[in-house]
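Mapping of the sequence shown onto my numbering: position 45 corresponds to residue 70, and the numbering continues sequentially without gaps.
For each residue, glycine too, the CB sits at the ideal point set by N, CA and C.
One structure is given below, encoded as structure tokens.
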Amino acid sequence: MREQTDKHLADLHLAYARAFEGEAGRLVLADLSRQGFLHETSFSPDSQRAAFNEGRRSLALHIGRMLGGPEPRRRAEPNGPSDPNGSGANGSGQR
């Protein structure tokens with residue numbers, strides 16, 4: 026049973042790769058990246074709009090994962106969890 030699931034998943038990954046190969050696929054993928062808020066915040070003060078935007082983002086992230094792409098990096102926040110050195114904006118290393 027697991028072998029069927031693994032094969033299905035491998036076939037699905039291959040289908041995604043084929044669907045997005047070539048120049049047309051790259052153009053569509055770039056548009057999905059923009060529309061899916063992969064390189065900017067999806068925040069909106071309107072909670073319904075924010076939820077809608079997060080749905081778009083979730084689908085764009087799923088497509089990226091199926092294509093074997095890396096998870097998008099969160100923007101570094103001074104002294105935040107995305108700051109790998111914990112150095113903050115001034116490089117002091119203090120939190």
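Would residue i and residue j qualify as a contact pair, given that the criterion is a beta-carbon distance under 8 Å?
i: L63; j: A42; result: no
i: M91; j: H38; result: yes
i: E48; j: S67; result: no
Please report the Cβ distance between residue i and residue j, rounded to the nearest whole angstrom; I am assuming they are in contact, meaning their Cβ atoms lie under 8 Å.
i: R82; j: G61; result: 5 Å
i: M88; j: L57; result: Residue 88 is actually Ile in this sequence, not Met. Confirmed, about 6 Å.
What three-state label does DSSP hand residue i in the structure shown?
i: D36; result: helix
i: M26; result: coil
i: R99; result: A caution first: R99 carries a pLDDT of 49, below 50, which makes its placement in the model unreliable, though a value can still be read off. R99 falls in the coil class under three-state DSSP.
i: S58; result: helix
i: L84; result: helix
i: G89; result: helix
i: L52; result: helix
i: D71; result: coil
i: F45; result: coil
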